[in-house]
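Structure record follows, encoded as structure tokens.
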């Protein structure tokens with residue numbers, strides 16, 4: 102048995118002897134938007150037959166399938182294997198060595214103070230052991246006693262003071278060491294680190310010296326663009342600086358190497374999709390059905406510099422803000438909800454993607470690419486039951502297309518019980534609204550005092566009388582809320598529950614509306630050194646002087662600030678990527694904007710920020726702030742005046758927009774529309790004025806309209 106063990110150890114030794122470690126040199130790096138390609142060179146001397154070479158101290162984040170070996174001449178490769186070495190020692194940098202030497206020096210000083218303290222304490226011990234004065238036969242005089250007492254008092258005080266000062270110095274030294282060790286942690290100092298190793302098994306029939314090239318892709322590296330936009334005046338072209346922010350945390354420092362930046366992404370799925378026929382069939386509520394969603398053509402890439410993200414989430418269907426959208430950092434519990442205006446702000450914690458989710462909307466996942474991320478969510482038309490988030494819970498929503506709709510109100514109110522509140526008025530009103538709908542509330546007769554729920558029509562609270570006058574044909578859906586769900590939205594007035602009625606959306610004629618590779622490479626001429634850490638290296642890769650046409654834009658109904666915009670033609674020639682841009686106007690920093698070249702228009706419009714020297718005011722004319730009543734109708738007249746002033750020293754072109762409300766209900770009529778000199782889009786209700794203002798000039802535009810609707814109703818004017 103012993104001989105077998107010895108033979109096995111001998112074979113193991115032979116195997117290891119045949120594995121040669123060969124040092125390789127880093128020559129070039131091509132950095133992609135996500136990832137990088139590493140090029141290394143090495144020299145190997147191959148004997149006749151089969152031999153294996155190991156290339157150590159590589160990145161532990163190598164994509165094994167990307168490894169390529171070239172420069173083989175007459176040799177051939179039998180195998181390529183990639184693995185992780187968990188026993189490699191961390192090489193010490195000059196910064197680490199300096200800090201560690203500082204720690205050693207401070208420890209010597211601490212030891213010196215410890216020695217002083219020990220000496221002082223020994224002196225105190227000697228003094229305390231020799232406090233006995235005189236003897237049994239000799240008496241110490243009073244004068245001598247005073248001298249001894251003064252000496253003891255003075256010396257003990259001095260020694261205690263010296264001990265205190267030494268302890269104080271020790272605390273300062275220890276605090277200094279703690280700070281240095283914190284700094285060492287920033288360098289991720291560890292005794293042992295993981296490193297990658299590539300093992301290549303060669304075969305050759307003759308002795309061969311090879312200068313081979315290793316190429317492979319690594320993760321934890323990439324670059325993202327930023328732009329500096331500088332406009333000195335509205336009569337000059339835009340100066341654009343195109344910068345690359347390069348980061349790498351691959352585990353290997355890049356020292357004095359050639360860098361090439363590529364706009365491609367090797368991690369993109371390059372397989373063309375195969376489109377199969379779609380076959381329709383009947384499905385039920387319990388059917389397992391997943392709607393196929395097309396992959397979005399986003400070119401956004403992760404930006405590690407972004408620490409805080411803000412934006413607005415809107416509906417892609419109508420552009421309206423979406424309150425209550427969940428915005429979370431993917432893979433974490435870090436998240437917020439959008440406010441009433443669809444706005445959000447989220448402090449990131451190291452994640453790379455944000456997830457935007459909302460009931461009845463398609464979930465959107467985007468890389469954290471900018472400090473401003475505005476998102477438009479698309480409706481999830483595959484949803485059979487629409488679920489609406491309400492306060493602290495959810496409410497089931499149903500309409501006359503929902504199976505069993507006629508009994509839904511009955512079932513929900515019966516099951517929910519609504520705290521056994523009496524709904525006598527609601528019951529009598531809902532019965533007969535839809536054929537076959539009967540509403541019976543459990544516990545009606547158990548309440549002696551009359552109470553009633555809160556009625557809400559299209560989000561607006563109404564009275565019981567207004568509720569009774571709702572046209573049955575206009576009811577689109579009904580929701581029943583109770584308890585914390587109701588009070589969370591409407592407070593104490595909803596303590597008896599809420600009946601929420603939504604009307605059908607109608608056209609002006611009363612019809613129902615059914616809702617249902619190419620890439621560019623930048624070869625950098627200057628060699629760069631990039632340590633493997635979280636630092637960013639900024640490389641200026643291009644400059645442009647771009648002709649642009651400037652104009653000002655204002656929509657004072659939403660924002661009284663006036664925004665300067667620049668329109669760029671033939672923008673395709675600049676090979677721009679979606680990115681954040683810093684804006685400098687007339688020599689001052691104006692803020693940030695986003696550049697998104699993924700558009701199908703001929704011109705690229707860039708917002709250059711707010712110009713306080715152009716003023717727009719929107720005022721309602723007092724003579725038209727009146728309400729009339731004719732029969733059962735209420736008529737509200739409105740007139741607005743838009744005032745413009747150019748306080749700049751140059752003439753400007755400006756576009757002003759406003760709107761006339763559009764009715765979606767035949768009982769609401771918008772009449773007597775006067776749009777003045779604007780270009781009016783009657784389908785959308787949008788007005789647009791174009792004006793040229795000389796320096797110091799002013800101008801005024803007016804428009805008016807009236808709204809007529811039943812006086813017992815409320816309208817969201």
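Numbering (the working numbering), first residue to last: 102 to 818.
Ideal Cβ placement from N, Cα and C applies to all residues, glycine included.
All figures in this text were calculated on a predicted structure; none of them were measured in a lab.
Could you check whether residue j and residue i sit closer than 9 Å to each other, using their CB atoms as the reference points?
i, j, result
"residue 307", "residue 407", "no"
"residue 142", "residue 167", "no"
"residue 185", "residue 218", "no"
"residue 653", "residue 666", "yes"
"residue 764", "residue 804", "no"
"residue 343", "residue 135", "no"
"residue 742", "residue 716", "no"
"residue 426", "residue 462", "yes"
"residue 757", "residue 656", "yes"
"residue 681", "residue 693", "yes"
"residue 195", "residue 353", "no"
"residue 313", "residue 173", "yes"
"residue 712", "residue 771", "no"
"residue 437", "residue 446", "yes"
"residue 827", "residue 300", "There is simply no residue 827 to check, as the chain begins at 102 and stops at 818 in what is shown."
"residue 311", "residue 433", "no"
"residue 719", "residue 775", "no"
"residue 302", "residue 171", "no"
"residue 777", "residue 333", "no"
"residue 207", "residue 274", "yes"
"residue 330", "residue 683", "yes"
Where residue i and residue j are concerned, what is the direct C-alpha to C-alpha distance, given to the nearest angstrom?
i, j, result
"residue 429", "residue 454", "9 Å"
"residue 133", "residue 467", "18 Å"
"residue 363", "residue 676", "12 Å"
"residue 755", "residue 318", "51 Å"
"residue 811", "residue 730", "9 Å"
"residue 276", "residue 356", "34 Å"
"residue 744", "residue 690", "28 Å"
"residue 795", "residue 753", "7 Å"
"residue 249", "residue 259", "15 Å"
"residue 673", "residue 710", "23 Å"
"residue 638", "residue 599", "58 Å"
"residue 511", "residue 595", "Caution applies to residue 511, whose pLDDT of 45 falls short of 50 and renders its modelled position unreliable; the value that the coordinates give is listed next. Their Cα atoms are separated by approximately 20 Å."
"residue 448", "residue 807", "46 Å"
"residue 558", "residue 786", "24 Å"
"residue 707", "residue 415", "20 Å"
"residue 800", "residue 737", "27 Å"
"residue 624", "residue 215", "59 Å"
"residue 671", "residue 703", "7 Å"
"residue 473", "residue 327", "13 Å"
"residue 345", "residue 372", "29 Å"
"residue 714", "residue 749", "6 Å"
"residue 791", "residue 802", "11 Å"
"residue 211", "residue 269", "11 Å"
"residue 281", "residue 202", "10 Å"
Can you list, in chain order, the residues of its chain with a C-beta nearer than 7 Å to that of residue i? Leave out the 5 residues immediately preceding and following it.
i, result
"residue 418", "480"
"residue 424", "439, 440, 441, 443"
"residue 147", "176, 303, 305, 308, 309, 311"
Pop quiz: residue i and residue j are said to be a contact at Cβ under 8 Å. What is the actual Cβ separation, rounded to whole angstroms?
i, j, result
"residue 339", "residue 128", "Contact doesn't hold; Cβ gap of about 38 Å is too wide."
"residue 633", "residue 350", "6 Å"
"residue 759", "residue 788", "5 Å"
"residue 457", "residue 476", "5 Å"
"residue 228", "residue 256", "6 Å"
"residue 161", "residue 297", "5 Å"
"residue 380", "residue 566", "52 Å between Cβ atoms; not a contact."
"residue 131", "residue 154", "24 Å between Cβ atoms; not a contact."
"residue 309", "residue 175", "6 Å"
Return the chain-ordered list of same chain residues with a C-beta closer than 6 Å to the C-beta of residue i, the five sequence neighbours on each side being excluded.
i, result
"residue 648", "338"
"residue 556", "563, 568, 600"
"residue 651", "335, 667"
"residue 798", "747"
Give a yes or no on whether the minimum CB-CB distance between residue i and chain C is below 9 Å.
i, result
"residue 463", "This model lacks chain C altogether, as it is built from one protein chain only."
Can you list, in chain order, the residues of its chain with a C-beta nearer than 8 Å to that of residue i? Leave out the 5 residues immediately preceding and following it.
i, result
"residue 733", "811, 812, 813"
Requested in this report: Could you pull out every unbroken beta strand (DSSP E) segment of at least 3 residues lying fully inside the stretch 298-369, listed in chain order?
Outcome: The qualifying runs are 309-319, 322-332, 339-349, 355-363.
| field | beta strand (DSSP E) runs wholly inside the stretch 660-685, at least 3 long, in chain order | value | For the stretch 660-685, whole beta strand (DSSP E) runs of length 3 or above, ordered along the chain, are 660-670.
Taking the runs of the beta strand (DSSP E) that are 3 residues or longer, which of them lie wholly in the stretch 771-807? Given a length threshold of 3 residues, each whole run of the beta strand (DSSP E) inside the stretch 771-807 is given here in chain order: 780-782, 787-794.
TODO: Just list the beta strand (DSSP E) runs in the stretch 118-175, keeping only unbroken ones of 3 residues or longer that don't cross its boundaries, in chain order.
DONE: Within the stretch 118-175, the complete beta strand (DSSP E) runs of at least 3 residues are 120-122, 126-132, 137-147, 150-159, 169-171.
Problem - Runs of beta strand (DSSP E) wholly within the stretch 397-452 (minimum 3 residues, chain order) - result: Qualifying beta strand (DSSP E) stretches, in chain order: 409-416, 427-430, 436-438, 444-448.
Practice item. Note down, one range per segment and in chain order, each beta strand (DSSP E) of at least 3 residues found wholly within the stretch 204-281. Key: Those beta strand (DSSP E) runs which fall completely within the stretch 204-281 and span 3+ residues do not exist here.
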